[in-house]
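*Asks:* Quick note on numbering: my numbering labels position 43 of the sequence shown as 41, and the sequence is numbered without any gaps. Backbone N, C-alpha and C define an ideal beta-carbon position, used for all residues, glycine too.
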Amino acid sequence: MNYIYFVFESACKDLIRNKVRTFLTSLGIVIGVSSVILLITFSLGLKDFIRDQFYNLGTNLVYVLRGKSFTQGGSVMNSGIEGVKFDEKDYLKLKKIEQADVVLPVYSKILEAQADGKIDTGTLYATISEMFSARNLELESGVLFTKTDIDKKSKVTVLGNKIASNIFGDPISAVNRSIRIDSQVFKIIGVLKAKGGGGFATPNFDTFMYVPYKSAYFVNTDKIFTAFVIKARNENDISLIKRILEEI
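Listed below in structure tokens is the structure:
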């Protein structure tokens, strides 16, 4: 018992004699523990952020690009069609996949847009109206374009929130106004709620200018598609869709 007391007393005296060393040692332990806690917290936060980014892209989606296709989870496969241009025939062929809830054709190109003397750069995104629900895009104001607009090649557009704000100030005030995209004048029929994005290689939907895909033929003179987005009926169908794509 006396030995234990002696050791404890000696330790206390050493700590008192070396106050600076004791402080620095304690500080190091505190910093070390705090760093671990912060690192774990940061990792969990990053995980949630990445998950939210992919959720913003939509769920149960398979992206088909020239040369490869991948799901929103990031898995990649070669499609054996490197360099091939997608066209309407490919679109009709993909629509026959039974496991596909909807097939979304996409043509995109970065272009200048201007109205009221203001100019901004955005992405012309030519597609069909089902794209909005597939990618969880919601209207702030106005309406979405329809199949009739596609068939008639109507010069109408739905703007992302940021590009509408950059040009018109109040994004809601953009509805029913006109905007020149490249060489063509479009009527703005809707503005989407702010979506975010642009991180981790995800697109910034807020800078998109959505138009009926046939209305983009003024810049897409070859009438091609840059990609297809296939929404599977459920998560279990994704692998089957990928296998079907490999055989096409």
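Would the beta-carbon of K124 fall within 8 Å of that of I177?
*Replies:* The sequence as given places Ala at residue 124; Lys does not occur at that position. The answer is no: Cβ separation not under 8 Å.
*Asks:* Let me know the secondary structure DSSP gives K229 once reduced to three states.
*Replies:* strand
*Asks:* Could you pull the start and end residues of the alpha helix (DSSP H) that K145 belongs to?
*Replies:* K145 to K150
*Asks:* So, E138 versus V209, is the Cβ gap smaller than 8 Å?
*Replies:* Not closer than 8 Å, so no.
*Asks:* Mind checking whether I161 and L122 have CB atoms under 8 Å apart?
*Replies:* No, they are not a contact pair.
*Asks:* Whole-angstrom Cβ separation of L92 and I222, contact assumed at under 8 Å?
*Replies:* So it is not a contact: roughly 14 Å between Cβ atoms.
*Asks:* Grab me the residues of V141's own chain with a C-beta within less than 6 Å of its C-beta, minus the 5 sequence neighbours each way, in chain order.
*Replies:* Counting only Cβ-Cβ distances below 6 Å, and skipping sequence neighbours, we find I187 and G188.
*Asks:* Identify whether T184 lies in helix, strand or coil by the three-state DSSP scheme.
*Replies:* The question names Thr, but residue 184 is Phe in the sequence shown. The answer is strand: DSSP assigns F184 an E or B state.
*Asks:* Can you grab the Cα-Cα spacing for the pair T146 / K212, in whole Å?
*Replies:* 11 Å
*Asks:* Spatial neighbours of F226 within its chain, please: CB distance less than 8 Å, with the 5 preceding and 5 following residues excluded, ordered by chain position.
*Replies:* Y61, V62, F84, D88, Y89, L92, V101, L102, P103 and V104
*Asks:* For A230, would you say it is in contact with chain D, using Cβ-to-Cβ distances shorter than 8 Å as the test?
*Replies:* Looking for chain D here will not work: only one protein chain is present.
*Asks:* Give the range of the alpha helix (DSSP H) segment to which K91 is assigned.
*Replies:* E86 to L92
*Asks:* Hey, could you find the ends of the alpha helix (DSSP H) E96 is sitting in?
*Replies:* Counting along the chain, E96 falls outside any alpha helix (DSSP H), and DSSP gives it neither H nor E.
*Asks:* Buried or exposed: R241, going by 16 or more other Cβ atoms within 10 Å of its Cβ?
*Replies:* exposed
*Asks:* Would you identify the three-state DSSP class for P210, choosing helix, strand or coil?
*Replies:* strand
*Asks:* Do you know how far the Cα of G115 is from the Cα of L157?
*Replies:* 18 Å
*Asks:* Which residue's Cα is closest to the Cα of A192: L59, T205 and N234?
*Replies:* T205
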